[in-house]
Each structure stands twice: as C-alpha cells, then as structure tokens.
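A.B. asks: The opening position of the sequence shown corresponds to residue 1420 in the numbering used here, with each subsequent residue numbered one higher. Cβ coordinates follow ideal geometry from the N, Cα and C atoms, glycine included.
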Amino acid sequence: MVGNASSNKAPGRPSPAVYRRRRIVAGILALLVVIGLIAGIIAVAGWLRGDDSASAADTVSEATIPGPESNQPGAANASGAATAAPAPKPTATESAAAAPALCPAASVGVSATTDALSYAAGVTPVLTMTVTNTGAEPCDVNVGTSQMEFIVTSGSDRIFSSEDCQQAGEDLFKTIEPNTVETAKFTWDRQRSAPGCSEVASNPNPGTYTFTARLGDISSERTTFELE
C-alpha cells in the first residue's frame, strides 16, 4: 500500500539552481541578439558610407576627366573649327621660284622718241624712253634713274646728259609682261650740261639735234629733232 501511494505522487517544481541556469542562458541569448543587431547596424552604415564615397568619386571623375573628343561628334567639330591649321606660308625657295627673273639684255628693247619733230624758240622738247620686253616670259627690269640716261648731241658735240646734274640715282624694278612697255619722260630745258654739273656758259643754237636713250648697257637708236 505504501509503495502504491509513493508511485502516484505528482512531480515537484524545478529547483532554484535550474531557474538560475535558465536565466543565464536567456541573458546570453539576449546579449547575442543585441550584439548581432549592433553589428548589423554598423555594417549597414559602413556600406552606405562606402556607396556615397563611390558616388562622389564617380561624380568628380566625370566632371574633371572629359571623354575623348572622338566620342563626341559635336565637340570634335567645334574643336576642329576653332583650331583649324592656317594655310602654310610659302617658303623662301617657293617665293624665289615664283618671282620673275631679271630680263636678259637680249629680251630688252629701248627706243627714243620726242613729242615733236621741230620746236619753236622757247618751246622745251619732251624726251621719251620706251622699254619693251621682247621675250616670251614676264621678267623684271630695273627702270630706275640709276639706269636711265637721256642724251642730246649735235654731231660729235655732247650737248646734254640727264646724269650730269643727277644727285643720286635710284633702282626701280618692274615686272614687264611679254611685248609690254614701260615709258619714262624727261623735259629738256634746252640748256647745255657738263659732267659733275659744272657751269656751262653757252646755250644750244638753232639746228638739228639727236636724242639717244640709254638703260644700263642698252642704248636706243638715235632720233633727230630741230630747234628753231
């Protein structure tokens, strides 16, 4: 009878030691959960900061490092228009080749004419020198006063030369086309002259005179006129 009564007794409540173990385990679990939450928050915050930094870096890169011009047709065209290379200047060799050469003496013709055949007393003759390019190509001729001379003679008597009283002759190169002329005129005052512009007492008398034009080493044929 005693044995049966002992076997039907209800189990007792857990001891205080069991309660303590359970509280310790629950506290540890709660602490782990809190630590996990904190770690998760830190990780998310770090990821967000890293993403913001990457975005800022991308923005700076895009703003400071432009893409190649070849990938931007509009920009390439504008750059090409603004920096178009100027036309090359001709070199000294090209300029020299393009410039006409001096006319050879054989291609230069010089002629002498007067504006009248006879001049009344007191009328001054106008002497004209005509220079012609008789060659087939354009060429340069020095038609400056350093090369020109207007000469008046009477027989063997040298009456006048434009060089006698010329202060300083000048060079003047002109390009003359084939069969084209350059002319120079000189008005003679019917006075004699002498080399060095020495004073001459006598004046030409009425009679026949000859005019010759000279350009450098080339002289014209003589032309005659009358002084009354």
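1) To the nearest whole angstrom, what separates the beta carbons of E1618 and S1537, a pair I think is in contact under 8 Å?
2) For the beta strand (DSSP E) that S1573 lies in, which residues bound it at each end?
3) Secondary structure at V1444, three-state DSSP: helix, strand or coil?
4) Once you ignore the five residues that flank T1543 on each side, which residues in its own chain have a CB closer than 8 Å to its CB?
5) Indicate whether the contact test is met: 3 or more Cβ pairs, each with one atom in the region 1522-1536 and one in the region 1632-1642, closer than 8 Å.
6) Classify N1552 as buried or exposed, calling it buried when 16 or more other Cβ atoms lie within 10 Å of its own Cβ.
7) Which same chain residues, not among the five before or five after G1588, have their C-beta less than 7 Å away from its C-beta?
8) Between the Cα of R1577 and those of V1560, R1611, R1440, spot the shortest distance and give me the residue it belongs to.
9) Kindly identify the DSSP beta-bridge partner or partners of N1552.
10) Please name the residue or residues paired with A1632 in a DSSP beta bridge.
11) Please report how far the alpha carbon of L1448 lies from the alpha carbon of S1434, in whole angstroms.
12) Spatial neighbours of G1422 within its chain, please: C-beta separation below 8 Å, excluding the five flanking residues on both sides.
13) Have a look at the DSSP bridge pairing and note the partners of C1558.
C.D. replies: From the atom records:
1) Distance from E1618 to S1537 at the Cβ level is roughly 29 Å; contact not present, criterion being Cβ atoms closer than 8 Å.
2) Counting along the chain, the beta strand (DSSP E) containing S1573 begins and ends at 1567-1573.
3) Assignment of V1444 by DSSP, reduced to helix, strand and coil, places it in the helix class.
4) Non-local C-beta neighbours of T1543 in its own chain, meaning closer than 8 Å and more than five positions away in sequence, comprise T1606, W1607, D1608, R1609, ordered along the chain.
5) The region 1632-1642 and the region 1522-1536 touch, with three or more beta-carbon pairs separated by less than 8 Å.
6) Buried: at least 16 other Cβ atoms inside 10 Å.
7) Once the five neighbours on either side are set aside, the close Cβ partners of G1588 are G1563, T1564, S1565.
8) Of V1560, R1611, R1440, the smallest CA-CA separation from R1577 is found for R1611.
9) In DSSP, N1552 forms a bridge with V1527.
10) The partner list for A1632 (beta bridge, DSSP) reads F1569.
11) Between the C-alpha atoms of L1448 and S1434 there is a straight-line separation of about 22 Å.
12) Residue placement at G1422 is flagged as unreliable, the pLDDT there being 44, under the threshold of 50; the coordinate-derived value follows with that caveat. For G1422, where only same-chain residues beyond five positions count, there are no Cβ hits under 8 Å.
13) Within the DSSP secondary-structure output, C1558 pairs in a beta bridge with I1595.
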